[in-house]
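Be aware that the sequence shown starts at 2, since it is given in the numbering used here, and climbs by one per residue.
Every residue, glycine too, gets a C-beta built ideally from N, C-alpha and C.
As the structure is a prediction and not an experimental result, all values here were calculated from the model.
Everything on this sheet refers to the single structure shown next.
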Amino acid sequence: IGTPNTGGGGGGAGNAGLGNTGGSGVVYIRYFNRTATATVSGGTVTTDGDYKVHKFTANATLTVSAGGGVEYLVVAGGGAGGGVDTGGRNGTGGGGAGGFRTGYLEVAAGSISITVGDGGAANTNSGMSGGNGGNSVFSTITSVGGGGGGGTAVDSAAFYDGSDGGSGGGSGNASTAGT
2 IGTPNTGGGG GGAGNAGLGN TGGSGVVYIR YFNRTATATV SGGTVTTDGD YKVHKFTANA
62 TLTVSAGGGV EYLVVAGGGA GGGVDTGGRN GTGGGGAGGF RTGYLEVAAG SISITVGDGG
122 AANTNSGMSG GNGGNSVFST ITSVGGGGGG GTAVDSAAFY DGSDGGSGGG SGNASTAGT
């Protein structure tokens, strides 16, 4: 199972059953506190030296009371691993990690929606590919969720590709990995 708030992908099913769910994403906002170039509230707030750090592990609103520059790290949810049907003897692909973006952004006073991507869900039908992770968004910055891992349906000789995403999902037996 992908670790929550890391954007990690879920593992494949191995030789029977459902793949594992992906880890949810996370958003960090950081600004230099000494000169108070920006004043913001929301999320879990910590201090790191001269910086204020806001961590968001669920959808929320960042309230900016005084505009200025902030640094960000936006991590999307990881994809779920692929499954294999019962009696299967073939491996499946692991889910891809959620994409991430980091940088600097000038923000104006007001409210900014934060979206934290969920981890991809394991498919409820064994032998199918895992679900993609959800996108994480801060202002105009979007990180793409990880691709679901490819599945293997041995009884029907069907092989499902890994899905594209922030990082592509791994391939199941005789299928293609995502990009």
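Residue pairing of Thr64 in beta bridges, as defined by DSSP: Ser42, Ser112. Residue pairing from DSSP places Leu106 in a beta bridge opposite Val71. Inclusion of Gly150 and Gly80 in the CB contact set at 8 Å is warranted, their separation being smaller than that value. Annotation for Ser168: no beta strand (DSSP E) segment contains it, and DSSP assigns it neither H nor E. Around the Cβ of Asn126, a 10 Å sphere holds fewer than 16 other Cβ atoms; the residue is exposed. Under DSSP, Asp49 forms a beta bridge with Tyr52. Here Gly111 has Val65 as same chain residues with Cβ atoms under 7 Å from its own Cβ, once five neighbours each way along the sequence are excluded. Leu74 is the residue among Leu74, Lys56, Lys53 whose C-alpha sits nearest the C-alpha of Ile142. When the beta-carbon positions are compared, Gly24 and Gly13 stay at least 8 Å from each other. Around the beta carbon of Gly134, a 10 Å sphere encloses 16 or more other beta carbons of the protein chains shown; the residue is thus reported as buried. Looking at the backbone, the Cα of Ser172 and that of Gly97 are separated by about 10 Å. Each of Ile115, Gly18, Asp51 was checked against the Cα of Ser144, and the nearest Cα belongs to Ile115. The DSSP-derived three-state label of Val76 is strand.
For Gly18, the secondary structure class from DSSP, reduced to helix, strand or coil, is strand.
Under the 10 Å beta carbon count, Thr45 is surrounded by fewer than 16 other beta carbons and is classified as exposed.
By DSSP's assignment, Ser130 forms no beta bridge with any residue.
With respect to Gly69, Val108 sits close: the two C-beta atoms are nearer than 8 Å.
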